[in-house]
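Chemist: One structure is given below, represented as structure tokens, and several questions about it will come after.
Protein chains: 2
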Amino acid sequence: MDQTKMRILSAAAKLFDIYGYKGTSVRHIAEEAQVNSALISYHFQGKQGVLETLIASYFDTLFRLVEEQEIEYRDAPPYERLEQIIGLYLRFQCEHAPITRLIQRELSVESMLAREVLTLYISRWKHGLSRVIEMGITSSEFQPVSTDRIVLAVISQMTYPFLQAQMVRQVYDLEPYSEEFALWQQASIMRYLRACLLDA
Amino acid sequence: MDQTKMRILSAAAKLFDIYGYKGTSVRHIAEEAQVNSALISYHFQGKQGVLETLIASYFDTLFRLVEEQEIEYRDAPPYERLEQIIGLYLRFQCEHAPITRLIQRELSVESMLAREVLTLYISRWKHGLSRVIEMGITSSEFQPVSTDRIVLAVISQMTYPFLQAQMVRQVYDLEPYSEEFALWQQASIMRYLRACLLDA
DNA sequence: GTCTATATGGGGATAGAC
DNA sequence: GTCTATCCCCATATAGAC
Chain A
1 MDQTKMRILS AAAKLFDIYG YKGTSVRHIA EEAQVNSALI SYHFQGKQGV
51 LETLIASYFD TLFRLVEEQE IEYRDAPPYE RLEQIIGLYL RFQCEHAPIT
101 RLIQRELSVE SMLAREVLTL YISRWKHGLS RVIEMGITSS EFQPVSTDRI
151 VLAVISQMTY PFLQAQMVRQ VYDLEPYSEE FALWQQASIM RYLRACLLDA
Chain B
1 MDQTKMRILS AAAKLFDIYG YKGTSVRHIA EEAQVNSALI SYHFQGKQGV
51 LETLIASYFD TLFRLVEEQE IEYRDAPPYE RLEQIIGLYL RFQCEHAPIT
101 RLIQRELSVE SMLAREVLTL YISRWKHGLS RVIEMGITSS EFQPVSTDRI
151 VLAVISQMTY PFLQAQMVRQ VYDLEPYSEE FALWQQASIM RYLRACLLDA
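If you're matching them up, the sequences are chains A and B in order. Its first residue numbered 1, the first sequence is counted upward by one per residue in the UniProt record's numbering. Its first residue numbered 1, the second sequence is counted upward by one per residue in the UniProt record's numbering.
So this is what it looks like as structure tokens:
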């Protein structure tokens with residue numbers, strides 16, 4: 001990928017994150033990327049193409065990492081695998097915070113794109129967690145519970161603080177991108193999971 | 001409030017929810033409300049005025065309900081009060097789902113309005129929960145924990161499934177506005193709180 | 001309070017030169 | 001691949017008649 005395309009993508013990611021997709025103009029992206037505005041249509045067939053490229057590469061990278069980790073922890077017990085996958089998701093969200101926020105926000109509006117992202121990517125994103133839980137239930141290491149509901153609760157705790165980073169900073173006096181926050185978040189989620197999956 | 005203003009407000013709430021604030025035009029609101037588009041500027045000084053009115057009345061209603069409940073449960077033990085306030089927040093979110101989604105989405109974009117909502121309303125929204133937890137800690141009924149972090153985890157579990165209602169329906173096969181979902185959500189949050197506040 | 005008509009600006013996209 | 005100039009559309013907001 002040549003330099004111009006990269007500059008456009010990172011400028012767009014930054015501005016979409018801050019002002020939203022509709023709140024960001026092609027001209028503004030071009031200015032931030034220090035690139036002529038016509039190049040955005042040339043390289044990405046328009047503003048929506050930029051968004052789609054960002055989303056696709058976000059999930060492609062994530063799923064590649066998940067696959068690598070699944071091979072590495074193939075023989076680990078479910079609880080440990082759960083801990084690992086949650087750690088991976090959290091780290092990834094934090095390292096790709098602008099696009100995470102962008103995706104989560106745009107998913108909540110009605111659009112063709114949102115529906116496609118849900119079916120193409122989000123179900124697989126969820127599956128990364130639910131398969132590990134189901135594995136633990138099958139092997140009787142976890143209580144038999146409604147996997148979907150548990151996964152939804154976990155994803156809520158993982159994702160909401162990143163989406164509402166300004167709220168977290170301003171109202172909760174916490175820094176959502178700090179190492180300390182990530183550690184607490186993981187500990188909190190694992191405590192929840194123990195209460196659901198291990199205790200009666 | 002006369003009928004025209006009401007029609008505009010409910011049309012706007014519906015469309016802002018579905019298409020987002022920026023994704024909704026004044027013309028579209030007027031059409032949905034079956035009202036002349038000039039009346040929106042006349043009654044609310046523009047599109048942003050409609051949004052501000054919706055947000056203000058949402059929180060005014062919520063805080064009124066919270067105050068009423070605080071009087072009613074004045075002498076109840078902290079755990080029961082916690083259960084009550086969470087139930088109230090959940091019911092309110094569900095009954096005012098479009099505006100809840102709208103607010104949560106728009107909060108995540110950088111704007112003057114978002115900052116004002118955070119300082120004016122969200123801190124008080126959080127306080128409704130944190131004061132009950134702090135009360136329980138003071139009376140030694142709860143473990144001494146970081147209230148802010150717990151409240152953030154609770155709010156995440158309460159709010160994210162409503163914001164991402166389409167995801168919940170399409171990927172999790174759950175209906176976020178159903179009675180059954182609300183019951184499970186409350187039970188799940190209380191289980192989390194017991195694990196944090198009561199157990200070692 | 002409500003309407004019509006319109007002013008004014010900004011948006012995304014592209015044709016065509018280099 | 002990159003730039004300039006421009007087209008066309010749609011948005012918000014308002015002036016002024018009723």
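Beta carbons: idealized from backbone N, C-alpha and C, even for Gly. On a predicted model such as this, the values are computed, not experimentally measured, just so you know.
With 7 Å set as the bound, which would you pick, yes or no: does the beta-carbon of A195/A sit closer than that to a beta-carbon of chain B?
Modeler: So yes, A195/A belongs to the interface.
Chemist: Any C-beta of chain B within less than 9 Å: which residues of the segment 102-127 of chain A qualify?
Modeler: From the segment 102-127 of chain A, only Q104, R105, E106, L107, S108, V109, E110, S111, A114, R115, L118, T119, I122, S123, W125, K126 have a Cβ closer than 9 Å to chain B.
Chemist: Using a Cβ cut-off of 7 Å (strictly closer), state whether S188/A contacts chain B.
Modeler: Interface residue, yes.
Chemist: Which same chain residues, not among the five before or five after V132/B, have their C-beta less than 7 Å away from its C-beta?
Modeler: Excluding residues within five positions, the ones whose Cβ falls inside 7 Å are P78, R81, L82, I85.
Chemist: Between L107/B and the rest of its own chain, which residues show a CB-CB distance below 8 Å, the 5 nearest in sequence each way excluded?
Modeler: So the list reads A114, V117, L118, I122, once near-sequence residues are dropped.
Chemist: Name, please, each residue of chain A whose Cβ falls closer than 7 Å to the Cβ of K14/B.
Modeler: Under the 7 Å cutoff, chain A gives no residues; its nearest Cβ is about 11 Å from K14/B.
Chemist: Mind checking I71/B: buried by the 16 CB within 10 Å criterion, or exposed?
Modeler: Counting Cβ neighbours within 10 Å, I71/B comes out exposed, since fewer than 16 surround it.
Chemist: At what residue ranges does the segment 117-187 of chain B contain a whole run of the alpha helix (DSSP H), taking only runs of 4 or more?
Modeler: Qualifying alpha helix (DSSP H) stretches, in chain order: 123-138, 147-163, 165-172.
Chemist: Are A182/A and L90/A closer than 7 Å when you measure CB to CB?
Modeler: Yes. Within cutoff.
Chemist: Going by alpha carbons, who is nearest to Q143/B out of C196/B, T24/B, Q93/B, S37/B?
Modeler: Closest by alpha carbon: C196/B.
Chemist: How should Q45/A be labelled, buried or exposed, when 16 other C-beta atoms within 10 angstroms of its C-beta is the threshold for buried?
Modeler: When all chains shown are included, Q45/A counts as exposed.
Chemist: Answer with buried or exposed for D199/B, where buried requires no fewer than 16 other C-beta atoms within 10 angstroms of its C-beta.
Modeler: Classification of D199/B: exposed, given that the 10 Å Cβ count is below 16.
Chemist: According to the Cβ coordinates, are L51/B and F92/B closer than 7 Å?
Modeler: No, Cβ-Cβ distance for L51/B and F92/B is not below 7 Å.
Chemist: Taking 7 Å as the threshold (beta carbon to beta carbon), is Y79/A in contact with chain B?
Modeler: Cβ-Cβ to chain B under 7 Å: no for Y79/A.
Chemist: Using C-beta distances below 6 Å, list every residue in its chain close to F16/B, excluding the 5 sequence neighbours before and after it, in chain order.
Modeler: Once the five neighbours on either side are set aside, the close Cβ partners of F16/B are T24, L102.
Chemist: So with Cβ pairs under 7 Å, would you call Y177/A a contact of chain B?
Modeler: By this cut-off, Y177/A is not an interface position.
Chemist: For I18/B and chain A, any beta-carbon pair shorter than 7 Å?
Modeler: At least one chain A Cβ lies under 7 Å of I18/B.
Chemist: For T138/B, does the count of other Cβ atoms within 10 angstroms reach 16, so buried, or fall short, so exposed?
Modeler: Exposed: under 16 other Cβ atoms inside 10 Å.
Chemist: With DSSP run on the structure shown, which of helix, strand or coil describes Q34/A?
Modeler: The answer is coil: DSSP assigns Q34/A none of H, G, I, E or B.
Chemist: Report the option in E134/B, R191/B, T147/B, T4/B whose CA atom is closest to the CA atom of Y42/B.
Modeler: Y42/B has its Cα closest to that of T4/B, out of E134/B, R191/B, T147/B, T4/B.
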